[in-house]
Amino acid sequence: MIHALLDSTQVISLVQLDGTPFEVCAEALARHDRGKNLLTVELRAFLRAENHDHIGEVSKPGWLPEPQTVTEHVGAEEAHAMANDVLSSWRHKVENCLPKL
15 MIHALLDSTQ VISLVQLDGT PFEVCAEALA RHDRGKNLLT VELRAFLRAE NHDHIGEVSK
75 PGWLPEPQTV TEHVGAEEAH AMANDVLSSW RHKVENCLPK L
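Going from the sequence shown to the numbering used here is simple: count from 1 and add 14.
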């Protein structure tokens, strides 16, 4: 049976693109297959428009990392902690990609 463990979008920073403010977001969606003891974490990074006239706009500039999927063999009792560790590592990777101002 597959269990959802984590569905998180975290704002890392704010950037301005052509005068429009965007939130830099890191996202993780984690599931655990208890029958196979397999953790799968889907990761992506994107920009989300902050202004109301651009609300709902999402973009992915070339400086953000490409989406990734991490899979690990881990028991159910350790899966949530590992999913959080994977998200933390992803956040750091996205932070390191931010353009230097």
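Every residue, glycine too, gets a C-beta built ideally from N, C-alpha and C.
DSSP state of residue i, grouped into three classes?
| i | result |
| --- | --- |
| Arg45 | strand |
Just to confirm the assignment, what range does the alpha helix (DSSP H) spanning residue i have?
| i | result |
| --- | --- |
| Val100 | 90-111 |
Check for me: the beta strand (DSSP E) holding residue i runs from which residue to which?
| i | result |
| --- | --- |
| Asp21 | 16-31 |
| Ser57 | A quick correction: the sequence has Leu, not Ser, at residue 57. Element bounds for Leu57: 52-63. |
| Glu86 | 82-87 |
Mind checking whether residue i and residue j have CB atoms under 9 Å apart?
| i | j | result |
| --- | --- | --- |
| Leu31 | Glu41 | no |
| Leu59 | Leu78 | Contrary to the premise, residue 59 reads as Ala rather than Leu in this sequence. Yes, they are a contact pair. |
| His46 | Ala93 | yes |
| Leu101 | Ala44 | yes |
Determine, for residue i, whether the minimum Cβ-Cβ distance to residues of chain B falls below 9 Å.
| i | result |
| --- | --- |
| Pro79 | Annotation note: the requested chain B is absent from the structure, which comprises a single protein chain. |
What separation, rounded to the nearest whole angstrom, lies between the Cα atoms of residue i and residue j?
| i | j | result |
| --- | --- | --- |
| Arg48 | Gly33 | 47 Å |
| Val38 | Val25 | 6 Å |
| Lys74 | Leu52 | 29 Å |
| Lys50 | His87 | 8 Å |
| Glu91 | Trp104 | 22 Å |
| Leu20 | His106 | 18 Å |
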